[in-house]
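Asker: If you scroll down you'll find the structure; I have some questions about it.
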Amino acid sequence: MQIIELLTPHYESAWLPWAVQYFFLVGMATGAALLASWGTWAPAHRAAAKALPIAIILLAVTGIAAPVSLLADLHQPARFWHFYAHFTPWSWMSVGALLLPVFVGLSMALCAAWWLGKHQWMRLIAIGLVISTLTIVAYTGAEIAVVRARPLWSNPWVPVNLALTAWLAAVGAMLILTLWVPAGRNVEVRAWLGKLGLFLSLALLAVACIWMGSGMALKTPSFQSAMRLYDLFPVWRISLWLSVILGAIVLYLWFKPQTWLHSRGLTVALGVAACAAAWGFRWALFMGVQGVPKYGAGLYVYHMPLGGDGLMGVLGVFGLCIALLTLVLWALELWPSRREPSSPLAAA
0 MQIIELLTPH
10 YESAWLPWAV
20 QYFFLVGMAT
30 GAALLASWGT
40 WAPAHRAAAK
50 ALPIAIILLA
60 VTGIAAPVSL
70 LADLHQPARF
80 WHFYAHFTPW
90 SWMSVGALLL
100 PVFVGLSMAL
110 CAAWWLGKHQ
120 WMRLIAIGLV
130 ISTLTIVAYT
140 GAEIAVVRAR
150 PLWSNPWVPV
160 NLALTAWLAA
170 VGAMLILTLW
180 VPAGRNVEVR
190 AWLGKLGLFL
200 SLALLAVACI
210 WMGSGMALKT
220 PSFQSAMRLY
230 DLFPVWRISL
240 WLSVILGAIV
250 LYLWFKPQTW
260 LHSRGLTVAL
270 GVAACAAAWG
280 FRWALFMGVQ
290 GVPKYGAGLY
300 VYHMPLGGDG
310 LMGVLGVFGL
320 CIALLTLVLW
330 ALELWPSRRE
340 PSSPLAAA
């Protein structure tokens, strides 16, 4: 008889909660960038153009906060220059180090052009920003999907789900901002955001059905791994059913805009639920999947530390977003955005 023992070394998580915050914020930034670009080119009487100030404010906040989370996730932020000094084109993380500054720069340029009232500049910047946004969506999705060692990551639906949930979170955040931004007082703007939320929620439902159908028919590794976790571990079953219940409530509210459209409380609750769903998906994707052993049985239990690499880091990033939002709204009160006589821009 031969006995083979496998020894598993102790190692830290490859992805920390900082990564959850980064992918959440940069995803919302891509959604805000697309909506801001849409509003830039939309006719002045359309809801997309009227919602432009809200999209710009969200883009400014998330465009600044997302890179801060990424630097913190590098463990030694001062060494970020190594991505440029030792560029590796076969690494999506290294490629992202080139793509992200371009995206942030174009985002801030669009925000500045909006504040200055330079509508023609905005239209030119928006074209480049849309292209840059698509590269960010591709790089963030591919950075996860290329990890073949984990079937729950290495499947083509992960980038799609990351994009759709991020854009849903952007819509939810814009709904929350309607409480403070004058443009949000327009019922037409909130109704338009509700239609976008419904479309994105239905798209997510369709993707989930396609993933399940193809998984059962083709016995894909990602579906089989997910079913194993569902069958063996109650925490995954509870998480799944909570997600289904939350998704059903959100979908119901999207279908019934008359129940929340004129209610500040329900509007905020719906926006928070959309953001929470997107954040929770990223937490399960990064922190939850890392708890699944590559070899062996059981789960690795993750205990979130209270310091900067855990709870305080998560709360600190949300605090940074609140601080940035406060500064932006305060600055717009002191120095309102300028408007050209023929421009469809709406002042915030």
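Each residue of the sequence shown is one higher than the last, beginning at 0 in numbering that gives the first Met the number 0.
Note that beta-carbon positions come from the ideal geometry of N, C-alpha and C, so glycine has one too.
Taking its Cβ as the centre, do 16 or more other Cβ atoms sit within 10 Å of P292, making it buried, or is it exposed?
Answerer: Exposed is the call here.
Asker: Can you tell me whether DSSP reads W113 as helix, strand or coil?
Answerer: Three-state result, W113: helix.
Asker: Using only alpha-carbon positions, find the residue among K117, I53 and A162 that is nearest to V206.
Answerer: That would be A162, whose Cα lies nearest to the Cα of V206.
Asker: Which of the three DSSP states is assigned to S242 in this structure?
Answerer: In the structure shown, S242 sits in a helix (DSSP, three-state: H, G or I).
Asker: Buried or exposed, going by whether 16 or more other CB atoms sit within 10 Å of the CB of G349?
Answerer: Any answer about residue 349 is impossible in this case: the structure gives the chain only from 0 up to 347.
Asker: Going by DSSP in three states, W235 sits in which element: helix, strand or coil?
Answerer: It is helical.
Asker: Counting along the chain, where does the alpha helix (DSSP H) carrying H118 start and finish?
Answerer: Residues H118 to A144.
Asker: Is V271 near Q20, with beta carbons less than 9 Å apart?
Answerer: Result no, Cβ atoms of V271 and Q20 do not sit closer than 9 Å.
Asker: Is A46 closer than 9 Å to A190 when the C-beta atoms are compared?
Answerer: Their beta carbons are under 9 Å apart, which means A190 touches A46 by this criterion.
Asker: Since I believe A144 is in contact with S152 (beta carbons under 8 Å), could you give me their beta-carbon distance rounded to a whole number of angstroms?
Answerer: Here residue 152 is Trp; the residue named in the question, Ser, does not match the sequence. Yes, W152 and A144 are in contact; Cβ-Cβ is about 6 Å, under 8 Å.
Asker: Using a Cβ distance threshold of 8 Å, determine whether the segment 237 to 255 contacts the segment 177 to 197, with at least three qualifying pairs required.
Answerer: The segment 237 to 255 vs the segment 177 to 197: in contact.
Asker: Please list, in chain order, all residues of the same chain as V159 whose beta carbon is under 8 Å from its beta carbon, the five residues on each side excluded.
Answerer: Here the set comprises G140 and V206.
Asker: Among the candidates G183, D72 and A65, whose CA atom is the shortest distance from the CA of G309?
Answerer: Comparing Cα positions, the closest option is D72.
Asker: With DSSP run on the structure shown, which of helix, strand or coil describes L15?
Answerer: L15 falls in the coil class under three-state DSSP.
Asker: Check whether the Cβ atoms of R281 and F22 lie closer than 9 Å to each other.
Answerer: Yes, these two residues count as a Cβ contact at 9 Å.
Asker: Would V157 pass as a contact of T29 if the rule is Cβ separation under 9 Å?
Answerer: Their beta carbons are not under 9 Å apart, which means V157 does not touch T29 by this criterion.
Asker: With a cut-off of 8 Å on the beta carbons, I'd call A276 and L245 a contact; round off their distance for me.
Answerer: With 8 Å as the limit, A276 and L245 qualify as a contact, their Cβ atoms being about 6 Å apart.
Asker: Is S224 helix, strand or coil by DSSP?
Answerer: S224: helix per DSSP, three-state reduction.
Asker: Can you tell me which of G183, L217, G95 and V243 puts its alpha carbon nearest to the alpha carbon of L204?
Answerer: Ranking the options by Cα distance to L204, first place goes to V243.
Asker: Quick one: grab the DSSP three-state call for S336.
Answerer: Looking at S336 - three-state DSSP - the assignment turns out to be coil, as it is neither helix nor strand.
Asker: Give every residue of the same chain whose Cβ lies closer than 8 Å to the Cβ of I209, excluding the five residues on either side of it in the sequence, and list them in chain order.
Answerer: So the qualifying residues of the chain are W156.
Asker: How close, in whole Å, do the beta carbons of P150 and L99 come, if the pair is a contact with beta carbons under 8 Å?
Answerer: Not really, about 28 Å apart at Cβ, beyond 8 Å.
Asker: Use the C-beta contact count for L344: other C-beta atoms within 10 angstroms, 16 or more gives buried, fewer gives exposed.
Answerer: Because L344 carries a pLDDT of 45, less than 50, the predicted location of this residue cannot be relied on, and the following value inherits that uncertainty. Counting Cβ neighbours within 10 Å, L344 comes out buried, since at least 16 surround it.
Asker: What's the gap between the Cα of E142 and the Cα of D230?
Answerer: Their Cα atoms are separated by approximately 28 Å.
Asker: Look up R147 in the DSSP assignment and say whether it is helix, strand or coil.
Answerer: It is coil, neither helix nor strand.
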